[in-house]
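*Asks:* Last residue of the sequence shown: 109 in full-length UniProt numbering, with the numbers rising by one and none dropped.
Each residue gets a CB set at the ideal place from its N, CA and C atoms; glycine is no exception.
All of these numbers come straight from a predicted model, not from anything done at the bench.
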Amino acid sequence: MLETWLRTIDLCNDSQIIQDERGLWGITGGPTEGALKVLAAKAQLAPVETRLIAKIPFDSQYKYMATLQQIGDEERVLITGAPGRYLRHVPPADEQAGRGAVRAAVLGR
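(1) Mind the definition here: the region 50-61 touches the region 20-27 only if three or more C-beta pairs lie below 8 Å; say whether that holds.
(2) Closest to P31 by C-alpha separation, out of I17, I79 and A46, would be which residue?
(3) Considering only their Cβ atoms, is the gap separating G34 from K63 smaller than 7 Å?
(4) Does DSSP put Y86 in a helix, in a strand, or in coil?
(5) If you compare alpha carbons, which of R85, T28 and K42 is closest to S60?
(6) The alpha helix (DSSP H) that contains R7, what's its start and end?
(7) In the structure shown, what three-state DSSP assignment does E49 receive?
(8) Is it true that the CB of G26 sits closer than 7 Å to the CB of D14?
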């Protein structure tokens with residue numbers, strides 16, 4: 001679950017980590033997205049082939065961003081932002097299953 005979250009905050013993110021000609025590192029984009037991009041980079045996830053198919057950019061009115069990504073052989077919708085804004089679109093049965101998965105991951109069961 002942690003790897004999925006880290007990959008999501010890496011791929012569903014408009015910031016970039018850059019290195020200048022002096023070898024100094026920096027970020028482009030907002031500070032929150034930049035910090036999340038750095039966190040994902042520090043996790044050193046195994047590389048996977050990805051392709052951005054479509055994107056709903058972050059909007060302060062909606063408070064989330066979504067991307068449709070080709071990750072390996074699968075297409076996935078990745079969402080970041082304010083959970084209360086996008087979780088309301090999750091059907092109740094799926095939400096319960098998701099809570100159970102989170103609880104199991106946290107408790108190690």
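*Replies:* This is what the structure gives:
(1) Here the region 50-61 does not lie against the region 20-27, with fewer than 3 beta-carbon pairs under 8 Å apart.
(2) For the purposes of this step, residue 31 is taken as residue 31 along the sequence shown, with counting starting at 1. Looking at the Cα atoms, I17 is the closest of the given residues.
(3) To locate residue 63, count along the sequence shown from 1; it is residue 63. To locate residue 34, count along the sequence shown from 1; it is residue 34. Taking C-beta atoms as the reference points, K63 and G34 fail to come closer than 7 Å.
(4) For this step, residue 86 is matched to residue 86 along the sequence shown. Here Y86 sits in helix by DSSP.
(5) Locating residue 60 in the sequence shown gives position 60, where the first residue counts as 1. S60 has its Cα closest to that of R85, out of R85, T28 and K42.
(6) Taking the sequence shown and counting its residues from 1, the one referred to as residue 7 is at position 7. Annotation: the continuous alpha helix (DSSP H) that includes R7 extends over L2 to L11.
(7) Locating residue 49 in the sequence shown gives position 49, counting from the first residue. Three-state result, E49: coil.
(8) Within the sequence shown, numbered from 1, the residue matching residue 14 stands at position 14. Within the sequence shown, numbered from 1, the residue matching residue 26 stands at position 26. Their beta carbons are not under 7 Å apart, which means D14 does not touch G26 by this criterion.
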